[in-house]
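Student: For the sequence shown, the positions run 0 to 872 when numbering that gives the first Met the number 0 is used.
Where a beta carbon is used, it is the ideal one built from N, C-alpha and C, also for glycine.
Pasting in a structure now, in structure tokens, and then I'll have a few things to ask.
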Amino acid sequence: MSGNTKKQKNLTPAMRQYQRFKAEHPDAILLFRMGDFYETFYEDAQLCARELSITLTSRNKNDRHPIPLAGVPYHALEGYLAKLVRAGHKVAICEQVEDPKQAVGVVRRDVVRVVTPGTLTDEALLEESSENFLAAVHRQEETSALAWVELSTGRFYAQQIPTEELIDELVRLHPSEVLISEGWLTQKDCALKPLPQSIGCVLTAQESWQFDSANSMEKLTRHFSTTGMDGFGFEADDLALVPAGVVLHYLQETQKTALDHVHRLQQWNTDSHMRIDQTALRSLEIERTLRDGSRAGSLLGALDQTCTAMGARLLRQWICYPLTELDAIVARQDAIAELLQESSALNQSRDALSGLADIERINGRICTARATPRDLLALGETLAALPEISQAMNVCETPILRGLSQSLSQVQPLAERLLEALLEELPLTVREGGIFRNGYHAQLDRLRDISRDGQQWLAEFQAQESRRSGIQNLKVGFNKVFGYYLEVSNRDREKVPPEFVRKQTIKGAERYITDVLKKHEVEVLTAETRANELEYDLFDKLRSELATQSDLIQTVAAALATLDVLCNLAHLARQRRYCRPKITLEPELDVVDGKHPVLEQSLGQQFVPNDVKLSKAATRFLVLTGPNMAGKSTYIRQVALLALMAQTGSFIPAKAATVGITDRIFARVGASDELARGQSTFMVEMVETANILNNATDRSLVVLDEIGRGTSTFDGLALAWAISEHLAQHIRCRTMFATHYHELTELNDLLEGVGNANVAVREWKDQIVFLHTIAPGGTDKSYGIHVARLAGNPTTVITRAREVLERLQQDFSKEVNLSELSAKRDRSTSDDKQRTLFDQHYERVVANLREIDVNNLTPMEALQKLQKLQEQL
Ligand code: ADP
């Protein structure tokens with residue numbers, strides 16, 4: 000806009016007003032209300048024309064410097080807003096705040112709201128089954144802090160967090176927008192920079208001074224009207240308060256409303272939840288699939304048969320944040336068991352839940368003064384349906400269900416108040432009346448009588464004038480330009496009395512007004528306008544009154560969500576015959592006939608169940624071998640998912656199970672998508688492995704799929720061996736290691752706690768049949784060549800591969816005594832062995848291979864190098 004500033008003098012008053020608001024919101028697209036349109040100007044107009052596919056025109060076309068202009072009709076705002084916000088833009092909405100007819104000079108306008116990805120409340124802009132978080136982070140050396148809010152529901156949390164876990168937590172939280180200090184964001188190595196790409200959030204810089212504890216404390220205490228934050232469990236110097244203050248400030252700046260529903264800040268207790276880092280979250284496909292990032296095909300997708308949006312959102316939370324406290328897990332299990340037993344209570348509850356509105360988000364809209372009449376009616380209807388649920392649950396005795404039932408029984412007065420006030424059919428907007436029932440407000444009734452009687456009066460007036468003038472088909476009509484009129488067809492033109500004043504000629508008729516009709520019109524129309532205005536005021540009052548009850552509505556919404564999730568889990572347990580796992584503190588895992596919760600759904604009866612048994616006393620580290628495609632990855636993921644499900648309180652797909660509580664689940668599986676992100680696959684593999692080795696405890700569960708694959712055979716095997724030793728001997732956690740290095744099965748003889756298992760296959764006439772059964776003991780074959788054949792590689796390649804394999808195996812068995820690997824070895828010796836695997840012929844190729852710096856190679860260059868090496872061979 001800078002180029003235009005010198006022409007500012009020539010701007011109209013409205014454009015000067017625009018400039019002022021734009022200067023106040025430089026990082027937002029400013030939608031400037033002008034009559035029936037929201038207009039954008041200058042760069043904003045160009046951007047909107049592009050993003051929204053709308054026409055770019057200009058204001059003052061004939062001027063030497065026309066101003067680019069693009070606008071959208073006011074009634075279509077929602078759709079356009081959704082597009083802009085989804086594309087990651089911030090949008091400031093500038094409304095006319097006085098009636099243009101009454102304005103003296105330029106209409107007064109104001110920015111009433113700034114819409115950003117993290118601060119949405121509108122139903123149309125939100126995904127109903129996902130939360131929409133706004134987060135803020137405050138980074139310090141060792142310990143950082145994180146706060147987040149969901150504006151649409153008012154939930155607000157803060158926690159301190161080890162700096163190294165910050166990114167993992169952000170990935171798990173999956174906020175839409177993250178506030179960070181300007182100073183940090185502008186640093187070249189700011190660790191948050193990859194987040195927009197990995198989770199699709201927006202990073203919004205805030206001035207660095209805001210990240211100050213006194214400043215935050217002041218913001219928080221003012222909002223909550225408290226003297227300190229100890230009432231919420233935060234000491235005055237708690238670092239978590241810093242980002243919490245930043246979040247609150249941003250909400251106030253963008254929403255410009257009271258935010259009554261953000262009425263507490265809760266401490267997020269990391270220790271009471273299982274830690275799941277971003278690698279495990281992704282590898283285990285907990286929330287979305289690896290392949291296309293969709294919810295269908297993930298654990299959450301397989302377990303979500305909730306009946307309400309509130310339940311769907313809470314289920315995500317339960318699954319992404321499993322519990323670590325025994326009592327809390329057992330309490331959920333007890334509730335599920337009881338619902339299973341009381342199956343008619345379960346059925347009735349699920350039936351009743353199915354029709355309920357998302358009152359958690361309606362509450363959010365009430366408190367940000369954006370709820371519509373239909374929102375309030377939906378709230379009333381939902382609250383009115385709760386006694387039925389409460390009654391159905393009367394038979395239940397477990398503490399959770401009793402508590403829920405009680406919460407649901409307190410809302411009858413509120414439901415009645417709403418249903419007695421509101422009509423059954425409601426308009427979308429709040430300005431055109433038609434909201435309240437007769438009898439709700441005496442003055443409203445009176446005004447309505449005037450308009451209604453007005454209709455009666457018109458009918459009588461028409462009959463009387465018709466009689467008086469002798470014009471039989473004299474008609475009274477109404478249009479916006481002339482108001483009420485009398486219409487006389489040309490046939491009767493002679494009969495028109497002199498007091499009729501002609502106003503309009505239409506085809507075959509003339510339209511007239513009279514003094515009496517005009518007087519009536521003023522009376523009726525003002526009564527109607529006054530009635531509409533009164534309804535708006537009454538609606539606003541009702542909405543504010545409800546805002547004072549937001550605490551209650553939130554409690555009820557939370558109770559409904561919990562009930563929905565418990566019913567969902569009970570329903571799955573019943574439908575899929577899940578079992579209740581025994582939860583223990585002992586780090587063990589014993590599952591009989593376990594199934595993969597997702598794959599079982601698509602394969603049905605064809606899915607082959609399997610056992611697992613890991614314990615401190617016997618095997619805690621399982622080396623799993625078997626051919627590709629046999630089911631190794633499926634099995635190890637299945638074990639991790641079953642442990643995770645058990646800690647959400649859910650029953651699990653197995654015949655019987657004992658699950659010892661796990662503090663963290665680590666999962667590393669093939670990183671197929673890393674190449675696309677421009678990272679070396681092997682580097683990623685090693686970083687992820689390092690993370691496991693540095694952070695796993697003896698209470699963790701580790702599943703590893705193919706460590707060491709991204710480097711040469713000997714490097715890879717050596718690494719896999721050393722990593723296994725470390726996990727089995729030092730960390731001593733429950734581990735499942737699926738590997739194609741069948742040499743690792745020898746660890747079984749060398750280390751205490753290490754066992755072998757393999758996925759059974761049957762060889763038949765040179766074919767292999769996958770049985771998908773896990774059997775004890777190792778395998779000494781990897782069947783890679785069989786799989787290559789199955790995949791359709793040319794027979795010549797397959798035959799040649801067999802020859803080479805045979806040769807390599809002979810050489811290998813001559814040269815290497817693996818059991819000696821557990822003892823420390825001289826590096827030069829193993830180098831020698833590696834070389835003996837190759838003929839002199841290959842020396843040159845090997846030397847060239849060694850020179851390649853994999854970390855600095857584009858995929859294209861890698862292909863070219865590969866081709867060259869092949870040619871050399
Ligand atoms: P691997 O890791 O050994 O290469 P996967 O775990 O990827 O093998 O499994 C390959 C395919 O085998 C899976 O896509 C699945 O369709 C099938 N499979 C795996 N486990 C089972 C099972 N227990 N029962 C039936 N089919 C299975």
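Rank V564, D704, C366 by C-alpha distance to the C-alpha of L352 and give the top, closest one.
Tutor: When each option's Cα is compared against that of L352, the closest is V564.
Student: Drop a sphere of 10 angstroms on the beta-carbon of E136, count the other beta-carbons inside from all chains shown, and report buried for 16 or more, exposed for fewer.
Tutor: A quick correction: the sequence has Val, not Glu, at residue 136. By the 10 Å Cβ count, V136 comes out buried.
Student: Mapping the DSSP letters down to three states, classify S297 as helix, strand or coil.
Tutor: Reduced to three states, the DSSP call for S297 is coil.
Student: Going by DSSP in three states, F477 sits in which element: helix, strand or coil?
Tutor: If DSSP states are grouped into helix, strand and coil, F477 belongs with the strands.
Student: Based on the DSSP secondary-structure assignment, which residues constitute the bridge partners of I664?
Tutor: According to DSSP, I664 bridges with I275, L700.
Student: Closer than 7 Å to a non-hydrogen atom of ligand 1 - does that hold for the CB of I625?
Tutor: It should be pointed out that residue 625 corresponds to Gly in this sequence rather than to Ile. Yes; taking the cut-off as 7 Å, the Cβ of G625 has a heavy atom of ligand 1 nearer than that.
Student: For A391, which residues from the same chain have a beta carbon less than 6 Å from its beta carbon, with the 5 sequence-adjacent residues on both sides left out?
Tutor: Same-chain partners within the cutoff: A344, Q347, S348.
Student: Is it a yes or a no for the region 303-311 touching the region 550-566, going by three-plus beta-carbon pairs under 8 Å?
Tutor: Flag = yes, the region 303-311 and the region 550-566 touch.
Student: Please identify the residue among D514, F606, E522 whose C-alpha is closest to the C-alpha of S450.
Tutor: Comparing Cα-Cα distances from S450 to each of D514, F606, E522, the minimum goes to E522.
Student: For I28, which of helix, strand or coil comes out of DSSP?
Tutor: Of the three classes helix, strand and coil, the one that applies to I28 here is strand, per DSSP.
Student: Given 7 Å as the limit, tell me if S632 has its C-beta closer than that to any heavy atom belonging to ligand 1.
Tutor: Checking every heavy atom of ligand 1 against the Cβ of S632, one is found closer than 7 Å.
Student: DSSP three-state call for L865: helix, strand or coil?
Tutor: It is helical.
Student: In angstroms, rounded to a whole number, what distance separates the CA positions of G897 and A123?
Tutor: Past the edges of the chain, shown from 0 to 872, lies residue 897, and the structure says nothing about it.
Student: Which runs of the alpha helix (DSSP H) at least 4 residues long sit entirely within the region 287-339? Give them in chain order.
Tutor: Counting whole runs of 4 or more residues, the region 287-339 contains the alpha helix (DSSP H) stretches 298-302, 308-319.
Student: Which residue wins for smallest C-alpha separation from V597, given the options Y634, H570, A617, L588?
Tutor: Cα-wise, what sits closest to V597 is Y634.
Student: Would you mind sorting E217 into buried or exposed? The rule is 16 or more other CB atoms within 10 Å of its CB.
Tutor: Exposed is the call here.
Student: Should Q205 be labelled buried (16 or more other beta-carbon atoms within 10 Å of its own) or exposed?
Tutor: So Q205 ends up on the buried side.
Student: For the alpha helix (DSSP H) containing T367, list its first residue and its last residue.
Tutor: Neither: T367 is in no alpha helix (DSSP H) and is coded neither H nor E.
Student: Please give me, in chain order, every unbroken run of the beta strand (DSSP E) with length at least 3 that falls completely inside the region 727-772.
Tutor: Counting only runs of 3 or more, we get 733-737, 753-763.
Student: Report yes if the C-beta of M735 is less than 7 Å from at least one heavy atom of ligand 1; otherwise report no.
Tutor: Result no, Cβ not under 7 Å from ligand 1.
Student: Count the other C-beta atoms from every protein chain shown that fall within 10 angstroms of the C-beta of E163, then say buried if there are 16 or more, exposed otherwise.
Tutor: By the neighbour-count rule (16 or more Cβ atoms within 10 Å), E163 is not buried but exposed.
Student: Cβ of A301 within 8 Å of Cβ of I664?
Tutor: Not in contact: A301 and I664 (Cβ atoms no closer than 8 Å).
Student: Can A429 be considered in contact with ligand 1, in the sense that its beta carbon sits closer than 7 Å to one or more heavy atoms?
Tutor: One point to set straight first is that residue 429 is Val, not Ala, in the sequence displayed. V429: no, Cβ never under 7 Å from ligand 1.
Student: Excluding the 5 residues flanking Q866 on each side, which residues of the same chain have their C-beta closer than 6 Å to its C-beta?
Tutor: Here the set comprises nothing.
Student: Taking 8 Å as the threshold (C-beta atoms), are F210 and V875 in contact?
Tutor: Any property of residue 875 remains undetermined from this structure, which presents the chain solely from 0 to 872.
Student: Going by DSSP in three states, T688 sits in which element: helix, strand or coil?
Tutor: Correct three-state label for T688: helix.
Student: At 4 residues or longer, what runs of the alpha helix (DSSP H) sit wholly inside the region 17-79?
Tutor: For the region 17-79, whole alpha helix (DSSP H) runs of length 4 or above, ordered along the chain, are 41-51.
Student: So the candidates are W720, A695, K581, E486; which of them puts its Cα closest to the Cα of G507?
Tutor: For the residues W720, A695, K581, E486, the minimum Cα distance to G507 belongs to E486.
Student: Can you list, in chain order, the residues of its chain whose CB lies under 7 Å from that of G2, leaving out five sequence neighbours each side?
Tutor: A caution first: G2 carries a pLDDT of 46, below 50, which makes its placement in the model too unreliable to give a value.
Student: Starting from the N-terminal side, write out each stretch of the beta strand (DSSP E) that is 3 residues or longer and does not extend beyond the region 537-585.
Tutor: Runs of the beta strand (DSSP E) inside the region 537-585: 581-583.
Student: Looking at ligand 1, does it come within less than 7 Å of V622, judged from the CB to the closest heavy atom?
Tutor: The answer is no for V622.
Student: With a threshold of 8 Å on Cβ separation, who are the neighbours of A846 within its own chain once the five nearest residues in sequence on each side are excluded?
Tutor: Around A846: no qualifying Cβ.
Student: Look at A334 and I399 and say whether their C-beta atoms are less than 8 Å apart.
Tutor: Yes, they are a contact pair.
Student: Using the DSSP secondary-structure output, state which residues sit across from Y439 in a beta bridge.
Tutor: None, per the DSSP bridge assignment.
Student: Using only CA atoms, which one of A370, F769, H729 lies nearest to L750?
Tutor: That would be H729, whose Cα lies nearest to the Cα of L750.
Student: Please list the terminal residues of the continuous alpha helix (DSSP H) segment that includes P386.
Tutor: Per DSSP, P386 belongs to the alpha helix (DSSP H) from 372-391.
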